[in-house]
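> The structure follows.
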Amino acid sequence: MVNIVLVEPEIPQNCGNIARTCAATRSRLHLIEPLGFDISEKAVKRAGLDYWPMVDLTVYSGLEEFFLKNPDPDLWLATTKAPRDYTQAQFRDNCWLFFGKETAGLPRDFRERYADRCLRIPMRADARSLNLSNSVAILTYEALKQQGFPGLTGEGEMAR
24 MVNIVLVEPE IPQNCGNIAR TCAATRSRLH LIEPLGFDIS EKAVKRAGLD YWPMVDLTVY
84 SGLEEFFLKN PDPDLWLATT KAPRDYTQAQ FRDNCWLFFG KETAGLPRDF RERYADRCLR
144 IPMRADARSL NLSNSVAILT YEALKQQGFP GLTGEGEMAR
C-alpha cells in the first residue's frame with residue numbers, strides 16, 4: 024500500500040488525475056488543507072469523476088493534524104531540491120509520498136526537517152519541474168514496483 028500526500032494542492036485537474044492514479048493502484052490519497060478547489064460530492068459529480076468512490080481519501084486541516092493522526096510515518100518527500108533521485112529510495116509497504124503545491128512545492132522547514140528523506144525526479148537542469156500528477160504517478164509506480172505490485176492483478180487482452 025502506498026499513501027499519497029498532497030500538501031496544499033492548488034489545481035483541481037491535477038488532484039483529479041492523482042485521484043485516478045490512486046483509484047487504479049489502490050493507493051490512499053491524503054489532502055492537506057488549504058485546498059485550491061472544492062471536493063464536495065456535488066463538485067465531484069459535476070466533474071464526472073466516476074472513479075472517485077474508489078479513492079480512499081482523508082483530508083487534514085494542516086500538517087500538524089496529519090502528524091497527530093499518523094505519528095512516525097515512513098515518509099518520503101518529493102522535491103526538485105533533493106540531492107538524490109528516487110531510485111535510491113527503498114519504498115516499503117505503507118510508505119507515505121509527500122508532494123507540495125504546484126506553485127511553491129513543500130515548505131522549506133518541512134524539507135529541512137526530513138532532509139534525509141527528500142527525493143527528486145531526474146530532469147534537465149533548466150527545467151523547473153514536472154507536472155504534479157506526473158510526478159505522483161512516477162513515484163507511486165516505483166514504490167509499487169519495489170513492493171511487487173501488491174493487489175494489482177490482471178492481464179492484457181493479448182495474454183495467452
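24 is the number of the first residue of the sequence shown in our numbering; add one for each residue after it.
Cβ coordinates follow ideal geometry from the N, Cα and C atoms, glycine included.
Would you tell me roughly how many angstroms separate the C-alpha atoms of E87 and D79, rounded to the nearest one?
Here the question's residue 87 lines up with position 64 in the sequence shown. Here the question's residue 79 lines up with position 56 in the sequence shown. Approximately 21 Å, taken between the alpha carbons.
> Thinking R43 and M24 are a contact (beta carbons under 8 Å), I'd like their distance in whole angstroms, please.
To locate residue 43, count along the sequence shown from 1; it is residue 20. To locate residue 24, count along the sequence shown from 1; it is residue 1. With 8 Å as the limit, R43 and M24 do not qualify as a contact, their Cβ atoms being about 17 Å apart.
> Thinking C-beta only, is C141 closer than 9 Å to R131?
Here residue 131 is taken as the residue at index 108 of the sequence shown, counted from 1. Here residue 141 is taken as the residue at index 118 of the sequence shown, counted from 1. Contact flag unset, no.
> What is the DSSP secondary structure of I41, counted as helix, strand or coil?
Counting from 1 along the sequence shown, the entry for residue 41 is found at position 18. If DSSP states are grouped into helix, strand and coil, I41 belongs with the helices.
> Just to confirm my understanding: we take I41, look at its own chain, exclude 5 residues before and 5 after, and list those with CB closer than 6 Å. What are they?
As a working note, residue 41 is residue 18 in the sequence shown. If we look at I41 and ignore the five residues flanking it on each side, its Cβ neighbours are S156 and V159.
> By Cβ distance, which residues of its chain are closer than 6 Å to A46, with the 5 residues on each side in sequence left out?
One-based indexing of the sequence shown puts residue 46 at position 23. The beta carbon of A46 sits closer than 6 Å to those of Y74, M77 and V78, all from its chain and outside the five residues before and after it, given in chain order.
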